[in-house]
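As you go down the protein sequences, you meet chains A and B in turn.
According to my numbering, the stretch in the first sequence is residues 1 to 354, in order.
According to my numbering, the stretch in the second sequence is residues 1001 to 1316, in order.
We treat Cβ as the ideally placed atom computed from N, Cα and C, and that holds for glycine.
Bear in mind that the values here come from a model prediction, so they are computed numbers and not experimental data.
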Amino acid sequence: MIMDLNEATGNERAFHGIDESRVTLSRTFIVCVLLLLTLLLVIVLMSLLGSEKLPAPASLCALLTFGKSSCGLTADQHAILFDIRLPRILLGAAVGGSLAVAGASYQSLLRNPLAEPYLLGISNGAAVGTMIALVFLGAHEWSRPLMAFSGALIATLVVYRLAQGRTGATPERLILSGVIVTTFLSSAIVFVTTLMDATRIRSFTFWLLGDLSGSTTKLLWLALFIAVAGTIVLAAHARSLNLLMLGERDAFDLGVEVARVRLVVFIVASLLVGSSVASSGSVGYVGLVVPHLVRLSLGSDNRITLPAAAICGAMFVVVADTIARTVIAPRELPVGAITALIGAPLFVYLLRRR
Amino acid sequence: MLKLHIPQIGIFKTCRRAFATALCLGLLLAACSRPNDKIDNAVNLRQLTDEAGRTITVPETVTRFVSLAPSLTEIVYAIGAGDGLVGRTTYCNYPPEAQRVEAVGDTLKPSIERIIALRPQVVFVSTASQLEAFTNELAAHQIAVYVTDSHDLEGVFRSIERIADLLKRRSQAAELLRQLRARVAAVEEKVKLRPPVRVFYQVSDEPLYTIGRDAFITDLIRRAGGISVTADVPGAWPKYSAESALAAKPEAIVLPTGGSMGNANSNVASALRGSPAVANGRVYKINDDHLSRPGPRSVDGLEELARALHPEVFTK
């Protein structure tokens, strides 16, 4: 069984045995630290780019002192860097990390390489929740993430239930249920949009494509907290998810509490998707492309894949959003358009190279 | 031989049946279209060019028409032609008597069936709503579509003039335009010696939208003694970078709000909280129905803008 697992996951190291485990642990640690350093570098570099030109050495100096020293930046430049640009970059990191780690865990749990928050209709569920909060509850601070989370969770459970046939869930059935739920929720979105007034429709369609520009500080902290905590919780279940990739029955025989793990993944992933949709709309492709890129380069042991997917997802969205906010500056593009534009060809390239 | 013949006869029969059906249909169509031809021949037609450069053919006297923009509804009432309005959009709420006219949907999705059922001779459309396919379908039903396209206040006046020309309300329009131009001149006279105020016009706060080069409001702000900090941005309604908006250091921020769209957009975008405009309390909420509809009430909007930007010259 363990041999099968190794073949299935493409990882040469065994999952049991103290020595092997320690090797994997230190490898995970090194990979994560290296990736985190890269992410930090990306965040700093991307903070230097924007529609307004800021003096690079002074900005770097101010960033390194966490804004405590102005380093010769004017008050306006300081405000642009720390009140507008950096929060947006951090939000991008939180959203990218959340979506990628949610996608990676759905793919393992549901044993389906196409499982992704956007394709399964979970992002749309969160979007409908957010819309209901915006249109009917009028509140922005707490009803929005709460409704987004509920929408994501309901969509997840519906897709999962629909996928369970008499013969159990097949990958085709899962994707079909995802398509059905996505289509249904898309019409719900269109319906609610027609209830909106004309000026809000345009900004809303922009938001639906994924947009990181308009978020509050509270939503940013919430998104960051959920991204980090969610990644830790999911990574803690990485071994169970590894075994689940063999099939639920085999995993159960190997001592995995399948029902509990499934519930944890559904709730945590819904929280991750809900918080990112509430703060930035539906950024597509991240949950699909990033985990696969990570697996193609680091293997599919979830103990490495999950944290690495979170960090790489963060980098991916931060870079994509920098393109979105600079390429036609001072006008802006929705980040979702850029993630799809980069994501699809990158994915095809890697797929063909294998 | 026989077996060979039967299918041939079958084909012949089918052909004959198809021919007969086609003939019947043709006769039916001819019968249907004949009265229309007579009506078309009975009225005198004239050709004119609309503001999008399209040549359209309209009856000499237009008595039934539909407006697909609130600004156009306001124009036809202002020139005294409201009696001929047989259809409007759900957004057309001014003047109050316009609300008694049947609504044919909103500006984005008007109901083509209802418009055709109303048998208008002309449908007035603004370029803002992209109704290309829709225009072709109306043309197929002999309904002319007049497209307005104004990028500044002078363009709005030209629209009024040409719609009045089409509806034979030239003298009313001349009187209306005389009054409007006098009010515009009065405003311009008052603000002409004042230094222009740098204005950021916030269309929506989340995400941040503003006005660009092609929006007629950019011209309105200039005439009101201001200058839009986004006057050179391509397009009419660009989504704008928050940091560029802050870096432009607007002295005043205009929030179009409080009209028929309710209180949406009544808060300054969080990125602009540190701008000189907010620090000096120069944030102005102005009725969006006056500012965003290129019609006669744009001059109300102009006066309100000028009063907000240069209160010192209006208090005396």
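Per the coordinates, the alpha-carbon of G103 of chain A lies some 25 Å from the alpha-carbon of M46 of chain A. Close CB contacts of H1141 of chain B within its chain, under the 6 Å cut and outside five residues either way in sequence, are with I1116 (chain order). For T216 of chain A, the residues of chain B that pass the 8 Å Cβ criterion are S1270, in the order they occur in the chain. An exposed status is given to G1281 of chain B, since fewer than 16 other beta-carbon atoms sit within 10 Å of its beta-carbon. Taking C-alpha positions only, S1292 of chain B is separated from L146 of chain A by approximately 35 Å. Here the C-alpha atom of V1058 of chain B lies approximately 47 Å from the C-alpha atom of A1242 of chain B. Only residues of its own chain outside the window of five on either side were considered, and among them D1152, L1153 have a CB closer than 6 Å to the CB of D1219 of chain B, listed in chain order. Put simply, of A:A152, A:L244, A:Q77, A:K68 the residue whose alpha carbon is nearest the alpha carbon of K53 of chain A is A:Q77.
Remark: C-beta atoms of D1149 of chain B and A1081 of chain B do not approach each other more closely than 9 Å. Less than 9 Å divides the Cβ of S276 of chain A from the Cβ of V95 of chain A.
In this model, V1229 of chain B and L81 of chain A are separated by some 21 Å (Cα to Cα).
Judged by DSSP secondary structure, K218 of chain A falls within the alpha helix (DSSP H) whose first and last residues are 217–236. The segment 1298–1305 of chain B and the segment 1170–1190 of chain B touch, with no fewer than 3 CB-CB distances between them shorter than 8 Å. Under the 10 Å beta carbon count, P330 of chain A is surrounded by 16 or more other beta carbons and is classified as buried. Burial of F266 of chain A is indicated by the presence of at least 16 other C-beta atoms within 10 angstroms of its C-beta.
DSSP places K1239 of chain B in the strand class (E or B) of the three-state scheme. Taking 3 residues as the shortest admissible run, the segment 297–350 of chain A contains no complete beta strand (DSSP E) segment at all. A direct Cα-to-Cα measurement between I338 of chain A and D321 of chain A gives close to 7 Å. For G1082 of chain B, there is no enclosing alpha helix (DSSP H), as DSSP gives it neither H nor E. Contact note: E116 of chain A does not reach chain B at a C-beta cutoff of 9 Å; the least C-beta distance is about 25 Å. Burial check for P87 of chain A: the Cβ neighbour count within 10 Å reaches 16 or more, so the residue is buried. In the same chain as L1085 of chain B, and ignoring 5 residues on each side of it, the C-beta atoms closer than 8 Å to its own belong to F1065, V1066, S1067, T1073, V1076, Y1077, A1098, V1101, in chain order.
In this structure, DSSP gives Q1172 of chain B a helical state, which the three-state scheme calls helix.
Counting other Cβ atoms within 10 Å of its Cβ, S69 of chain A stays below 16 and is therefore classed as exposed. Around the C-beta of S51 of chain A, 16 or more other C-beta atoms lie within 10 Å, and the residue is accordingly described as buried. The shortest C-alpha to C-alpha distance from A314 of chain A to any of A:V283, A:V327, A:R325, A:L346 is the one to A:V283.
At a cut-off of 9 Å, the C-beta of A1247 of chain B has a neighbouring C-beta in chain A. Taking 9 Å as the Cβ-Cβ cut-off, the segment 74–89 of chain A approaches chain B at A75, D76, Q77, A79, I80, L81, D83, I84, R85, R88, given in chain order. Close CB contacts of V268 of chain A within its chain, under the 7 Å cut and outside five residues either way in sequence, are with G230, V233, L234 (chain order).
Contact between the segment 182–189 of chain A and the segment 124–139 of chain A is present: three or more C-beta pairs spanning the two stretches fall below 8 Å.
In the structure shown, G1087 of chain B adopts extended strand secondary structure according to DSSP, grouped into three states. Judged by beta-carbon spacing, L120 of chain A lies within the 9 Å limit of T182 of chain A, meaning their Cβ atoms are closer than that value.
In this model, S1111 of chain B and Y349 of chain A are separated by some 46 Å (Cα to Cα).
One thing to note: L306 of chain A has its Cβ no nearer than 9 Å to the Cβ of L263 of chain A.
Contacts with chain B at 9 Å (Cβ-Cβ) include A329 of chain A. The residue from B:R1273, B:D1165, B:G1274, B:G1226 with its alpha-carbon nearest to that of E1060 of chain B is B:D1165.
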